[in-house]
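In the working numbering, the protein residues as written are 246 to 412.
Glycine is no exception: its CB is placed at the ideal position from the N, C-alpha and C atoms.
No experiment lies behind these values; they were computed from the predicted model shown.
First comes the structure, then the notes that go with it.
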Amino acid sequence: FRGVLKWADGKMYSGMFRNGMEDGYGEYKAPNKTMKKSDHYIGFWKESKMCGHGIYRYATGEVYEGSFQDNMRHGHGLLRSGKLTSSSPSMFIGQWVMDKKAGYGVFDDITRGEKYMGMWQDDFCQGNGVVVTQFGLYYEGAFNNNKMMGTGVLLSEDDTVYEGEFS
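Structure follows, in structure tokens:
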């Protein structure tokens, strides 16, 4: 059945219910007193948790569109950051595991003029990847905790090539 659930702290869910729990398509709003705005989710629910496809607009200005599981970003999704409050607009499109970037993904940092395409683990560039900057720097190789580490090729702005081990 369809209904509305309101909490004393101002949170609100409007949508489908099953067995007394949010289940099916619904909309959720949660006030963020610090930001004086609300988090806003529209999408699918299963047993009172965000599950399946949805769009989550954070009070910070970030917007995530993609898959959820157990109230976490999980599966394929797109996260846009920085449109409203952040000083560094960016975009990530790729795989998520339990609310963290994991597997293949592309991160585009518009302010810094950098793009990373490659593997992620626990929100870090981890494994093989490629970085390209607006200034002409190009690196292809191994990453460890967001750093060029291991075997790789670096082409600098002045066309100098370094091939070997990075640490």
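Outcome for residue i when other beta-carbon atoms lying within 10 angstroms are tallied against a minimum of 16
i, result
"GLY288", "buried"
"THR330", "For THR330, the predicted model reports a pLDDT of 48, less than 50, meaning its position is unreliable and no value from the coordinates is stated."
"TRP290", "buried"
"MET343", "exposed"
DSSP bridge partner residues for residue i (one or two, in chain order)
i, result
"ILE287", "GLU272 and ILE300"
"PHE313", "GLY297 and ARG318"
"GLU307", "GLU307 is not bridged to any residue."
Identity of the residue in the options nearest residue i by Cα
i, options, result
"GLU402", "GLY395, VAL377, ALA387 and GLU408", "VAL377"
"ARG318", "GLY358, GLY248 and LYS345", "LYS345"
"LYS278", "TYR270, TYR286 and GLY255", "GLY255"
"SER283", "SER312, THR405, GLU292 and VAL308", "VAL308"
"THR305", "ASN316, ARG325 and THR396", "ARG325"
"THR356", "ASN373, HIS298, GLY374 and SER335", "SER335"
"MET295", "GLY374, LYS281, LYS360 and PHE262", "PHE262"
"TRP341", "LYS360, ASP315 and GLY358", "ASP315"
"ALA275", "TYR361, ASP268 and MET257", "MET257"
"ARG302", "GLU292, SER293 and TYR286", "TYR286"
Check whether residue i and residue j have beta carbons under 8 Å apart
i, j, result
"ALA347", "ASP367", "yes"
"PHE352", "PHE369", "no"
"PHE380", "GLY397", "no"
"GLY311", "GLY322", "yes"
"GLY208", "PHE313", "Absent from the model: residue 208. The displayed extent of the chain is 246 to 412, so no value can be given."
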